[in-house]
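Enquirer: After the C-alpha coordinates below, expect a handful of questions from me.
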Amino acid sequence: MKTLILLVLAIIIGLRLQGNTSPLFVQKPPELTTVAHITPTPTPKVDDLVDTYSKKYGSTRYEQNRIKVALHFLLLREQNYGGSNACGDSGKACGPLQFHAPTYTAYRNIMIKKGLVTEMGSRFDMENAIETTAWAISDGREKAWGPLARGEIKI
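The sequence shown begins at 3 in this note's numbering and counts up one residue at a time.
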(Lines of atoms letter the chains of each structure in order from A and count residues from 1; the text may use other names and numbers.)
(Lines give C-alpha, C1' and ligand atoms only; values in the text may rest on other atoms or scores of the structure.)
Protein backbone atom coordinates (compact mmCIF):
# COMPACT_ATOMS: atom_id res chain seq x y z
CA MET A 1 0.00 0.00 0.00
CA LYS A 2 2.84 2.34 0.89
CA THR A 3 4.47 1.60 -2.43
CA LEU A 4 1.27 2.38 -4.33
CA ILE A 5 0.91 5.79 -2.64
CA LEU A 6 4.54 6.65 -3.41
CA LEU A 7 4.03 5.61 -7.03
CA VAL A 8 0.93 7.82 -7.42
CA LEU A 9 2.76 10.76 -5.87
CA ALA A 10 5.71 10.25 -8.19
CA ILE A 11 3.42 10.21 -11.22
CA ILE A 12 1.65 13.41 -10.13
CA ILE A 13 4.94 15.21 -9.44
CA GLY A 14 6.38 14.00 -12.74
CA LEU A 15 3.38 15.20 -14.70
CA ARG A 16 3.59 18.61 -13.08
CA LEU A 17 7.31 18.88 -13.80
CA GLN A 18 6.64 18.03 -17.45
CA GLY A 19 4.23 20.97 -17.71
CA ASN A 20 1.06 18.94 -17.90
CA THR A 21 -1.84 21.39 -18.12
CA SER A 22 -4.52 18.84 -17.47
CA PRO A 23 -7.38 20.36 -15.45
CA LEU A 24 -6.87 17.45 -13.08
CA PHE A 25 -3.55 18.93 -11.96
CA VAL A 26 -3.48 22.59 -12.90
CA GLN A 27 -6.34 24.98 -12.42
CA LYS A 28 -6.67 27.54 -15.19
CA PRO A 29 -7.07 31.14 -14.14
CA PRO A 30 -10.49 32.62 -14.90
CA GLU A 31 -10.84 34.34 -18.25
CA LEU A 32 -10.59 38.10 -18.10
CA THR A 33 -13.08 40.30 -19.85
CA THR A 34 -12.60 43.88 -20.84
CA VAL A 35 -14.93 46.34 -19.13
CA ALA A 36 -15.38 49.87 -20.38
CA HIS A 37 -14.12 52.46 -17.93
CA ILE A 38 -16.99 54.53 -16.61
CA THR A 39 -16.22 57.85 -15.00
CA PRO A 40 -18.70 58.50 -12.20
CA THR A 41 -20.65 61.73 -12.36
CA PRO A 42 -19.55 63.89 -9.44
CA THR A 43 -22.25 64.60 -6.89
CA PRO A 44 -22.89 68.33 -6.62
CA LYS A 45 -21.84 69.82 -3.33
CA VAL A 46 -24.52 71.16 -1.02
CA ASP A 47 -23.25 74.74 -1.43
CA ASP A 48 -23.54 74.41 -5.21
CA LEU A 49 -27.09 73.07 -4.93
CA VAL A 50 -28.11 75.88 -2.57
CA ASP A 51 -26.62 78.43 -4.96
CA THR A 52 -28.24 76.87 -8.04
CA TYR A 53 -31.75 76.66 -6.60
CA SER A 54 -31.71 79.99 -4.78
CA LYS A 55 -30.90 81.57 -8.16
CA LYS A 56 -33.58 79.52 -9.91
CA TYR A 57 -36.35 80.48 -7.48
CA GLY A 58 -35.23 83.88 -6.21
CA SER A 59 -36.56 86.66 -8.44
CA THR A 60 -34.18 89.34 -7.10
CA ARG A 61 -30.69 89.28 -5.63
CA TYR A 62 -32.18 89.96 -2.21
CA GLU A 63 -34.65 87.07 -2.58
CA GLN A 64 -31.85 84.75 -3.73
CA ASN A 65 -29.79 85.63 -0.65
CA ARG A 66 -32.83 85.19 1.62
CA ILE A 67 -33.41 81.71 0.20
CA LYS A 68 -29.70 80.84 0.60
CA VAL A 69 -29.66 81.89 4.25
CA ALA A 70 -32.86 79.96 5.00
CA LEU A 71 -31.61 76.84 3.21
CA HIS A 72 -28.28 76.83 5.02
CA PHE A 73 -30.01 77.44 8.34
CA LEU A 74 -32.48 74.60 7.75
CA LEU A 75 -29.82 72.23 6.45
CA LEU A 76 -27.82 72.76 9.63
CA ARG A 77 -30.76 72.84 12.03
CA GLU A 78 -32.83 69.98 10.62
CA GLN A 79 -30.22 67.32 9.78
CA ASN A 80 -26.73 68.79 10.25
CA TYR A 81 -26.27 68.98 6.46
CA GLY A 82 -27.43 65.42 5.96
CA GLY A 83 -25.16 64.06 8.69
CA SER A 84 -28.05 62.34 10.44
CA ASN A 85 -30.58 59.84 9.14
CA ALA A 86 -33.02 60.45 11.97
CA CYS A 87 -36.65 61.28 11.31
CA GLY A 88 -38.29 63.93 13.48
CA ASP A 89 -41.88 64.60 14.49
CA SER A 90 -42.40 61.05 15.74
CA GLY A 91 -40.94 59.59 12.55
CA LYS A 92 -43.06 61.67 10.17
CA ALA A 93 -40.46 64.22 9.03
CA CYS A 94 -37.55 62.64 7.14
CA GLY A 95 -34.75 63.50 4.77
CA PRO A 96 -32.12 66.24 4.89
CA LEU A 97 -34.78 68.95 5.18
CA GLN A 98 -37.27 66.97 7.30
CA PHE A 99 -40.25 66.85 4.97
CA HIS A 100 -43.46 65.13 5.99
CA ALA A 101 -44.36 62.84 3.08
CA PRO A 102 -47.72 64.53 2.29
CA THR A 103 -46.11 68.01 2.33
CA TYR A 104 -43.28 66.95 0.04
CA THR A 105 -45.70 65.24 -2.37
CA ALA A 106 -48.05 68.24 -2.42
CA TYR A 107 -45.21 70.70 -3.09
CA ARG A 108 -43.72 68.55 -5.85
CA ASN A 109 -47.14 68.13 -7.49
CA ILE A 110 -47.53 71.92 -7.59
CA MET A 111 -44.02 72.25 -9.02
CA ILE A 112 -44.77 69.61 -11.67
CA LYS A 113 -48.03 71.36 -12.66
CA LYS A 114 -46.15 74.66 -12.98
CA GLY A 115 -43.50 72.97 -15.15
CA LEU A 116 -40.71 73.62 -12.62
CA VAL A 117 -39.77 69.94 -12.26
CA THR A 118 -40.63 66.85 -14.28
CA GLU A 119 -40.64 64.14 -11.61
CA MET A 120 -41.66 63.53 -8.03
CA GLY A 121 -38.16 62.69 -6.81
CA SER A 122 -37.62 61.86 -3.15
CA ARG A 123 -37.64 63.82 0.09
CA PHE A 124 -34.59 61.73 1.07
CA ASP A 125 -32.56 63.01 -1.89
CA MET A 126 -30.44 66.06 -1.03
CA GLU A 127 -30.95 67.80 -4.38
CA ASN A 128 -34.71 67.18 -4.50
CA ALA A 129 -35.09 68.38 -0.92
CA ILE A 130 -33.06 71.54 -1.53
CA GLU A 131 -34.91 72.42 -4.73
CA THR A 132 -38.32 71.81 -3.19
CA THR A 133 -37.45 73.87 -0.12
CA ALA A 134 -36.04 76.72 -2.23
CA TRP A 135 -39.28 76.79 -4.21
CA ALA A 136 -41.41 76.62 -1.04
CA ILE A 137 -39.55 79.56 0.52
CA SER A 138 -39.90 81.61 -2.67
CA ASP A 139 -43.63 80.78 -2.68
CA GLY A 140 -44.12 81.98 0.92
CA ARG A 141 -44.35 78.50 2.44
CA GLU A 142 -41.33 78.70 4.76
CA LYS A 143 -43.50 78.41 7.89
CA ALA A 144 -43.87 74.68 7.10
CA TRP A 145 -40.50 74.23 8.86
CA GLY A 146 -40.71 74.44 12.65
CA PRO A 147 -37.50 76.43 13.16
CA LEU A 148 -38.73 79.11 10.73
CA ALA A 149 -42.29 79.05 12.10
CA ARG A 150 -40.90 79.53 15.62
CA GLY A 151 -38.80 82.47 14.45
CA GLU A 152 -35.46 80.88 15.29
CA ILE A 153 -34.10 82.95 12.42
CA LYS A 154 -35.57 85.94 10.65
CA ILE A 155 -35.41 85.72 6.88
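Positions of the beta carbon are idealized from the N, C-alpha and C atoms, including for glycine. Keep in mind the model is a prediction, meaning the values are calculated, not measured.
Residue ranges of each alpha helix (DSSP H) run of no fewer than 4 residues wholly in the segment 59-96, ordered along the chain?
Expert: List check, alpha helix (DSSP H) in window: 63-81.
Enquirer: Name the one or two DSSP bridge partners that PHE126 has.
Expert: According to DSSP, PHE126 bridges with nothing at all.
Enquirer: Which value, in whole angstroms, describes the spacing of the CA atoms of LYS70 and TYR109?
Expert: The straight-line gap from Cα to Cα measures roughly 19 Å.
Enquirer: Got a sec: is the Cβ-Cβ distance from GLY153 to anything in chain D below 8 Å?
Expert: In summary, chain D is missing from the structure at hand, where a single protein chain is found.
Enquirer: Kindly give me the distance between the Cβ atoms of ALA88 and LEU150, rounded to whole angstroms, as I take these residues to be in contact under 8 Å.
Expert: Contact doesn't hold; Cβ gap of about 19 Å is too wide.
Enquirer: Which residues in the same chain as SER56 place their Cβ atom closer than 7 Å to its Cβ, once the five residues preceding and following it in sequence are excluded?
Expert: Once the five neighbours on either side are set aside, the close Cβ partners of SER56 are GLN66, ILE69, LYS70, LEU73, ALA136.
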